[in-house]
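Beneath this line is the structure, given in structure tokens, with notes to follow.
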Amino acid sequence: MKNKTSFIIALIVVVMLGTYAVCFQVRYDEVAVKTTFDNADENSIIKEPGLHFKAPWPFQKVETYSTRLQVLEPKLIEQQTADEKTVAIRPYVTWSIDDPLSFFKRIRTVEDANDRIESLLTTSRGIISKYTFGQLVNTDPSQLKLTEIEKMSTDQLQKLVDDSGYGITIKQVGIRRIKLPEKTTESVFETMKKTRERMAANARQEGKAKAAAIKSDAETAAKRMKAIAERRAQEIRAKGDREAAKYYASFANDKEDFAIFLFKNEALKEMLKNNSTFVLPAEDLGLFESVGEVNLPAGQ
279 MKNKTSFIIA
289 LIVVVMLGTY
299 AVCFQVRYDE
309 VAVKTTFDNA
319 DENSIIKEPG
329 LHFKAPWPFQ
339 KVETYSTRLQ
349 VLEPKLIEQQ
359 TADEKTVAIR
369 PYVTWSIDDP
379 LSFFKRIRTV
389 EDANDRIESL
399 LTTSRGIISK
409 YTFGQLVNTD
419 PSQLKLTEIE
429 KMSTDQLQKL
439 VDDSGYGITI
449 KQVGIRRIKL
459 PEKTTESVFE
469 TMKKTRERMA
479 ANARQEGKAK
489 AAAIKSDAET
499 AAKRMKAIAE
509 RRAQEIRAKG
519 DREAAKYYAS
529 FANDKEDFAI
539 FLFKNEALKE
549 MLKNNSTFVL
559 PAEDLGLFES
569 VGEVNLPAGQ
């Protein structure tokens, strides 16, 4: 009984090992390359998911590759911009296997593919040197050229990959991070400071110009109003002179009495400052009646 049990277990192990040796599985997100004596051709590519058969090793072997996007994040790359600023850029690359047979023949592993892509990416980083620092980092979105830089980098890297025949499609080359070295940071801050000072000086100059314009307009308006007032005053004085001239002829015949009347009138103004009561002789009343109404200051 014991021997029979051991035989059954051994038979199961042999069957499992035999099945493993002649079967392999392809998942829905994978593609397989079945090689015969380490050689492969178009018929070696298996894209259908499920269970497949092969000859046992060393006659045939199977390499499986994921069809999903691969993400590569190289180390920081220092680069000089067109305005001689040094920046450290951390890019990223997304790629996928487009031709499994070419990939198997030229590269074979994803790790090797990442190494080669990173090497080619270093070659194509010169694109950054065509742009200024302000086109990489800016508070004004219209000044940024990151999208343009990423597209050019993607196209250039794809061309390099195609020329190498790696069977890879570059989906995107992007910039994840831009870091400034300490010296560059100081230079950038100094440039920003000078820019702000220049903007402040322009604003002050503009304010002075506006203030001068307002002052000039106000002085012009004041002169115009003064001229109008003086012209009006002259008209009133001329009218007063014409009205006074009417009475000069009447007073010309009695100049002495009129002079005495004016003197008394001025004297009355001085005496009546404190609301005093006074009595006039009858002849003076007659004088007032002869010359008409005398207008005294208010309250007198």
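Residue numbering for the sequence shown follows this note's numbering, starting at 279 and increasing by one per position.
Even for Gly, the Cβ is constructed at its ideal location relative to N, Cα and C.
Computed from a predicted structure; not experimentally measured.
For the 9 Å CB-CB criterion, Thr410 and Thr345 do not form a contact.
Residue environment for Ile406: buried (at least 16 other C-beta atoms within 10 angstroms of its C-beta). Cα atoms of Asp316 and Lys437: separation of roughly 29 Å, rounded to the nearest angstrom.
Shown here, Leu414 sits in coil according to DSSP, grouped into three states, outside any helix or strand. In the DSSP assignment, Glu426 falls within the unbroken alpha helix (DSSP H) covering 424–442. Note that the C-beta distance between Ile324 and His330 is below 9 Å. DSSP places Leu379 in the uninterrupted alpha helix (DSSP H) bounded by 378–384. The beta carbon of Ala511 sits closer than 8 Å to none of the beta carbons in its chain outside the five residues before and after it.
Counting only runs of 3+ residues, the beta strand (DSSP E) found wholly inside the stretch 316–363 occupies 328–331, 338–344, 348–350, 355–358, in chain order. Distances from the alpha-carbon of Glu396 to those of Gln348, Val415, Gln421, Glu426 put Gln348 closest. Judged by DSSP in its simplified three-state form, Gly445 adopts coil rather than helix or strand. Thr283 sits in a helix when the DSSP states are folded into three classes. Judged by DSSP in its simplified three-state form, Arg305 adopts coil rather than helix or strand.
Short of 6 Å from the beta carbon of Ala310, and not among the five residues preceding or following it, lie these beta carbons of its own chain, in chain order: Val304, Ile324, Val340, Thr342. DSSP, read as helix, strand or coil, puts Thr387 in coil. Within the model, the alpha-carbon separation for Thr498 versus Glu484 is close to 21 Å.
For the 9 Å CB-CB criterion, Ile367 and Ile453 form a contact.
If you check the CB distance, Leu350 and Trp373 come in under 9 Å.
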